[in-house]
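See structure below.
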Amino acid sequence: MGYWYGRDELGEIPGPHNDYVLEPGIVMSMEPMIALDGVGGFKHADML
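The numbers in our numbering rise by one with no breaks, and the one at position 30 of the sequence shown is 522.
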């Protein structure tokens with residue numbers, strides 16, 4: 493179970509399926525990831 497579990501029901505996952513508006517003071521995390529099959533991966537987390 494990942495950290496997204498249950499958040500879709502709250503409308504917290506941004507995307508074309510919801511109308512959540514980003515406002516001043518909102519904190520969010522950007523976590524780009526690169527993964528190569530059979531090799532591994534790298535994920536960088538940054539708070540914005």
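All C-beta atoms in this analysis are idealised placements derived from N, C-alpha and C, irrespective of residue type, glycine included. All values derive from a computational prediction rather than experimental measurement.
In the structure shown, D538 adopts extended strand secondary structure according to DSSP, grouped into three states. Between L514 and M520, the CB-CB gap stays under 9 Å.
Going by DSSP, M525 is part of the beta strand (DSSP E) stretching over M525 to L528. Rounded to whole angstroms, the separation of the alpha carbons of P516 and D538 is 18 Å.
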